[in-house]
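First to last, the sequence lines map onto chains A and B. All you need for this note's numbering is the position in the first sequence, starting with 1, plus 211. All you need for this note's numbering is the position in the second sequence, starting with 1, plus 211. C-beta atoms are modelled at their ideal positions from N, C-alpha and C, and glycine is treated no differently. If you're wondering where the values come from, they're calculated on a predicted model, not measured in any experiment. Everything below concerns the one structure shown next.
Number of protein chains: 2
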Amino acid sequence: MTINRQFRLKRRPVGRVTRDDFDLVESPVPEPGEGEAVVRNLYLSLDPTNRIWMSDQPQYMPPVAIGEVMRGGGIGRVVASRNPAFKEGDLVNGLVGWQDYSIAGGPSELFPPTVIPDGLPIPVTTLMGACGMTGLTAYFGLTEIGQPKPGETLVVSAAAGAVGSVVGQIGRIMGMRVVGIAGGPEKCRFITEELGFDAAVDYKAADWREQLKAATPKGIDVNFENVGGEIMEAVVARMNLYGRMPLCGMISTYNDTTRPRYDISPFLMKRIRLQGFIIIDFKDRYIEGSMQLAQWLVEGKLKARETVVDGLENAPETLNMLFDGGNTGKLIVKI
Amino acid sequence: MTINRQFRLKRRPVGRVTRDDFDLVESPVPEPGEGEAVVRNLYLSLDPTNRIWMSDQPQYMPPVAIGEVMRGGGIGRVVASRNPAFKEGDLVNGLVGWQDYSIAGGPSELFPPTVIPDGLPIPVTTLMGACGMTGLTAYFGLTEIGQPKPGETLVVSAAAGAVGSVVGQIGRIMGMRVVGIAGGPEKCRFITEELGFDAAVDYKAADWREQLKAATPKGIDVNFENVGGEIMEAVVARMNLYGRMPLCGMISTYNDTTRPRYDISPFLMKRIRLQGFIIIDFKDRYIEGSMQLAQWLVEGKLKARETVVDGLENAPETLNMLFDGGNTGKLIVKI
């Protein structure tokens with residue numbers, strides 16, 4: 212292949228993402244400049260935060276500019292290099308973007324890609340998922356912000372997703388009662404039977420409020436929040452005194468054109484600690500977290516499910532699976 | 212006096228408190244039972260939380276029952292005792308209630324009154340204010356939850372009130388830039404000229420948003436929140452990455468019949484920690500806090516302003532001063 216296809220952001224999506232929000236531009240595969248390496252992208256990591264980057268709401272990184280290649284994490288292989296840090300054949304992990312080829316080693320990179328060591332005892336794709344950004348998000352969000360204690364009750368929303376599925380499994384490892392909120396009987400079966408959660412709440416069922424109540428007889432000590440909306444409000448209403456709420460995301464509202472609003476008086480009356488966080492807050496501890504997650508994975512204490520969709524050209528529509536609940540575990544595009 | 216007047220809650224107030232929400236019942240002064248002491252109440256501490264106790268919304272203590280004597284903190288003198296812990300003539304500090312006489316030493320007391328030592332170097336009424344519950348609220352809320360650092364910017368709302376005025380002064384002691392939000396030029400003058408705040412924002416002025424912006428050129432690191440509503444939203448919008456928000460109260464909304472709702476996405480995007488708290492969370496550290504506050508008071512680093520209203524019979528209307536901004540510093544009823 213000598214052509215590099217790139218998804219360039221054409222306009223800011225309103226509501227759901229569509230293919231028409233992007234130009235799919237073809238250009239020759241770049242040659243590496245001095246200090247650069249050319250990377251053949253192999254996998255894209257699709258994450259809720261991609262949707263935020265497309266919008267111009269206040270956020271934790273600059274939004275993707277109109278005309279810019281869509282930002283995205285992923286894994287690729289070095290095919291040409293004029294940088295001693297990258298050898299031809301190296302696998303790298305980083306913000307490779309929604310394109311066939313990317314450049315590593317450029318002077319202005321916010322998060323330079325890292326070379327993946329040979330001979331890892333775990334599948335390389337888990338470096339985007341259970342042992343990568345989403346796993347680290349689960350790990351630090353739960354352990355550092357959630358402050359879990361054995362015997363406490365943990366609720367996690369989007370529980371069959373890349374972050375939620377790891378949050379719940381870590382909660383189990385830490386001796387918590389773990390309740391996952393997920394959409395549909397199959398996902399509920401997955402998190403309880405395959406991942407070992409104590410209970411599941413199917414938010415698509417008419418009686419989800421009763422299910423939540425039944426699953427949390429002692430209330431809720433930690434709410435790992437991924438979703439927002441009325442489900443979050445129902446969870447907060449059941450939180451115990453001195454509960455902790457790591458606020459990781461509010462995916463149910465990312466496609467909304469107005470910001471939803473919430474009653475915050477329970478946080479006062481029940482002295483709940485709400486703390487927003489983003490994984491880059493813990494960047495100095497990535498290695499520590501990845502090693503722990505990889506160890507659990509190798510020991511079989513942690514299971515890493517993936518949903519893989521073929522074809523770069525399908526990236527925009529595939530992203531919507533995150534909002535529709537179409538994926539289980541980490542959502543990946545194989546280029 | 213041989214008559215004990217008691218404000219008994221007749222109905223739950225809707226909106227502002229009125230005298231008609233209570234029965235003022237007269238009965239003989241009680242005799243102490245075995246293990247009890249009779250206390251002549253001298254001062255009542257009026258606090259925003261009194262309004263919460265009158266309502267049946269979810270809260271941190273049981274609401275005052277209909278027909279029950281209105282709960283309230285205060286100071287009194289023991290006039291008869293059959294309990295060795297209380298001697299005749301002792302001053303006591305505790306939940307004396309809205310009445311002329313109270314009983315100390317009863318078996319079911321949640322917060323037993325404490326005897327005030329003789330010879331304190333501070334005015335006894337400061338044990339309800341700057342060295343008591345409101346001062347302790349300021350002290351622990353700012354130091355433990357706000358995690359202040361020298362050079363950071365602190366904003367405190369209801370800044371001329373009993374809690375806010377102490378929060379700001381402690382912020383100055385800790386080397387912060389302190390901005391107070393208060394209503395009207397006189398209160399703004401008071402907090403800057405008399406208490407030493409760096410700047411004041413008059414929320415009754417049409418240009419309060421511009422004042423807030425001008426007073427916080429480096430954004431806001433700690434928001435000690437007492438008020439809620441649109442002012443809180445404007446403050447949160449100016450908070451910096453990793454800001455802290457001790458949520459002490461939301462007095463602007465306690466008279467509302469519906470709960471106001473807020474956009475919480477800034478807490479995610481800016482990784483702000485919001486923590487509700489109530490002073491009883493720190494009850495094991497009251498003595499430590501009171502000693503520190505008393506020391507600052509004696510040293511002249513802390514000033515304790517009080518607004519004193521005469522007459523138990525005026526308690527209900529006086530409470531509204533808190534919501535109207537009618538008081539400066541600690542609001543006290545002298546019985």
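Cβ of leucine 485 of chain B within 9 Å of any chain A Cβ: Here residue 485 of chain B corresponds to residue number 274 of the second sequence, with the count starting at 1. It does: the Cβ of leucine 485 of chain B has a partner Cβ on chain A nearer than 9 Å.
Contact check, methionine 550 of chain A vs threonine 354 of chain A, beta carbons under 9 Å: Absent from the structure is residue 550 of chain A, since the part of chain A shown begins at 212 and ends at 546.
Nearest candidate by alpha-carbon position, reference isoleucine 483 of chain B, set B:Gly439, B:Met443, B:Val433: Looking up residue 483 of chain B in the second sequence gives position 272. Checking every option, the nearest Cα to that of isoleucine 483 of chain B belongs to B:Val433.
Exposure label - lysine 429 of chain A; buried when at least 16 CB within 10 Å: Taking the first residue of the first sequence as position 1, residue 429 of chain A is located at position 218. Label assigned to lysine 429 of chain A: exposed.
Integer Cβ distance of asparagine 252 of chain A from serine 313 of chain A, believed to fall under 8 Å: Along the first sequence, one-based indexing puts residue 252 of chain A at 41. Along the first sequence, one-based indexing puts residue 313 of chain A at 102. Right, their Cβ atoms sit about 6 Å apart.
Extent of the continuous beta strand (DSSP E) to which threonine 403 of chain A belongs: The residue labelled residue 403 of chain A in the question sits at position 192 within the first sequence. Where threonine 403 of chain A is concerned, there is no enclosing beta strand (DSSP E), given that its DSSP letter is neither H nor E.
Methionine 480 of chain B, DSSP secondary structure in three states: Counting from one through the second sequence, the residue named residue 480 of chain B turns up at place 269. It is helical.
Contact list for the stretch 465-482 of chain A against chain B, Cβ threshold 8 Å: Among the residues of the stretch 465-482 of chain A, those with a Cβ less than 8 Å away from any Cβ of chain B are Arg470, Pro471, Arg472, Tyr473, Asp474, Ile475, Ser476, Pro477, Phe478, Leu479, Met480, Lys481, Arg482, in the order of the chain.
Phenylalanine 488 of chain B in three-state terms, based on DSSP: To locate residue 488 of chain B, count along the second sequence from 1; it is residue 277. Secondary structure at phenylalanine 488 of chain B: coil, using DSSP grouped into helix, strand and coil.
Within chain B, the residues that leucine 458 of chain A reaches when beta carbons sit closer than 8 Å: Against the first sequence, residue 458 of chain A aligns to sequence position 247. Here the neighbours are Ile475, Phe478, Leu479.
Residues sharing a beta bridge with tyrosine 312 of chain A, DSSP: The residue labelled residue 312 of chain A in the question sits at position 101 within the first sequence. According to DSSP, tyrosine 312 of chain A bridges with A:Arg251.
Beta carbon proximity, phenylalanine 435 of chain B to chain A, threshold 9 Å: The sequence position of residue 435 of chain B within the second sequence is 224, counting from 1. Chain A, which has no Cβ nearer than 9 Å to the Cβ of phenylalanine 435 of chain B, makes this no.
Proximal residues of chain B, C-beta to C-beta of phenylalanine 561 of chain A below 7 Å: In the structure as shown, chain A starts at 212 and stops at 546, and residue 561 of chain A therefore has no counterpart that could be examined.
Residue-level contact to chain A via CB, proline 269 of chain B, 9 Å cutoff: Residue numbering aside, residue 269 of chain B sits at position 58 when the second sequence is read from its first letter. Output row for proline 269 of chain B: interface = yes.
At least 3 beta-carbon pairs within less than 8 Å: the stretch 460-471 of chain B vs the stretch 521-539 of chain B: Contact holds: three or more Cβ-Cβ distances are below 8 Å.
Asparagine 261 of chain B, DSSP secondary structure in three states: Translated into positions along the second sequence, residue 261 of chain B becomes position 50. Asparagine 261 of chain B: helix per DSSP, three-state reduction.
Neighbour-count burial assignment, valine 374 of chain A, 16 or more Cβ in a 10 Å radius: Numbered from 1 along the first sequence, position 163 holds the residue referred to as residue 374 of chain A. With 16 or more other CB atoms across the displayed protein chains lying within 10 angstroms of its CB, valine 374 of chain A is buried.
DSSP-derived helix/strand/coil call for proline 527 of chain B: Your numbering for residue 527 of chain B matches position 316 in the second sequence. Proline 527 of chain B falls in the helix class under three-state DSSP.
Burial state of glycine 439 of chain B (16 or more Cβ within 10 Å): On the second sequence, position 228 is the one that residue 439 of chain B refers to. Note on glycine 439 of chain B: 16 or more other CB atoms within 10 angstroms of its CB, so buried under the neighbour-count rule.
C-beta atoms of lysine 415 of chain A and glycine 395 of chain A nearer than 9 Å: As a working mapping, residue 415 of chain A is identified with position 204 in the first sequence. As a working mapping, residue 395 of chain A is identified with position 184 in the first sequence. In this structure, glycine 395 of chain A lies closer than 9 Å to lysine 415 of chain A by Cβ.
Nearest residue (CA-CA) to glycine 317 of chain B, options B:Gly246, B:Arg223, B:Thr325: For this step, residue 317 of chain B is matched to residue 106 along the second sequence. Relative to glycine 317 of chain B, the option among B:Gly246, B:Arg223, B:Thr325 whose CA is nearest is B:Gly246.
Threonine 468 of chain B (DSSP reduced to helix, strand or coil): As a first step, residue 468 of chain B is located in the second sequence; it is residue number 257 there, counting from the start. DSSP places threonine 468 of chain B outside both helix and strand once states are collapsed to three, so it counts as coil.
Residue-chain proximity (aspartate 258 of chain B, chain A), Cβ-Cβ < 9 Å: Position 47 of the second sequence holds residue 258 of chain B. By this cut-off, aspartate 258 of chain B is not an interface position.
Cβ separation of proline 200 of chain A and threonine 229 of chain A, assumed to be a contact under 8 Å, to the nearest whole Å: Residue 200 of chain A is absent from the structure shown; chain A starts at 212 and stops at 546.
Collapsed DSSP secondary structure at leucine 365 of chain B in the structure displayed: Position 154 of the second sequence, counted from the first residue, corresponds to residue 365 of chain B. Strand at leucine 365 of chain B.
Rounded separation between methionine 281 of chain A and serine 256 of chain A - CA only: The residue labelled residue 281 of chain A in the question sits at position 70 within the first sequence. The residue labelled residue 256 of chain A in the question sits at position 45 within the first sequence. In a straight line, the C-alpha of methionine 281 of chain A is about 12 Å away from that of serine 256 of chain A.
Identified DSSP bridge partners for proline 239 of chain B: Start at 1 with the first residue of the second sequence, and residue 239 of chain B comes out as number 28. BP columns for proline 239 of chain B point to B:Ile214.
Residues that arginine 388 of chain A bridges to, as DSSP identifies them: The residue labelled residue 388 of chain A in the question sits at position 177 within the first sequence. Answer is A:Thr364.
Cβ-based burial, glutamine 422 of chain A [other Cβ within 10 Å; buried from 16]: Along the first sequence, one-based indexing puts residue 422 of chain A at 211. By the neighbour-count rule (16 or more Cβ atoms within 10 Å), glutamine 422 of chain A is buried.
Cutoff 8 Å; reference leucine 458 of chain B; Cβ partners in own chain excluding five residues on either side: Numbered from its first residue, the second sequence carries residue 458 of chain B at position 247. Only Glu436, Leu485, Gln486, Gly487, Phe488 meet the Cβ criterion.
Isoleucine 431 of chain A - containing beta strand (DSSP E), residue span: Reading the first sequence from its first residue, position 220 is the one you call residue 431 of chain A. Taken as a continuous stretch (DSSP letters only), the beta strand (DSSP E) holding isoleucine 431 of chain A covers 431-435.
Proximal residues to leucine 406 of chain B (C-beta, below 7 Å), its chain only, five neighbours per side dropped: By one-based count along the second sequence, residue 406 of chain B stands at place 195. Here the set comprises Ser376, Gly379, Gln380, Lys514.
Residue nearest to leucine 508 of chain B in terms of C-alpha spacing, selected from B:Ile277, B:Cys342, B:Val366: Here residue 508 of chain B refers to the residue found at position 297 of the second sequence. The residue with the shortest Cα to Cα distance from leucine 508 of chain B is B:Cys342.
Identity of the residue in B:Asn215, B:Glu237, B:Asp267, B:Ala349 nearest arginine 222 of chain B by Cα: For the purposes of this step, residue 222 of chain B is taken as residue 11 along the second sequence, with counting starting at 1. For the residues B:Asn215, B:Glu237, B:Asp267, B:Ala349, the minimum Cα distance to arginine 222 of chain B belongs to B:Asp267.
Segment limits, alpha helix (DSSP H) that includes methionine 502 of chain A: Working through the first sequence from its first residue, we reach residue 502 of chain A at position 291. In this chain, the alpha helix (DSSP H) harbouring methionine 502 of chain A covers 497-510.
Distance CB(glycine 592 of chain A)-CB(valine 307 of chain A) smaller than 9 Å: No answer is possible for residue 592 of chain A: the residues shown for chain A start at 212 and end at 546.
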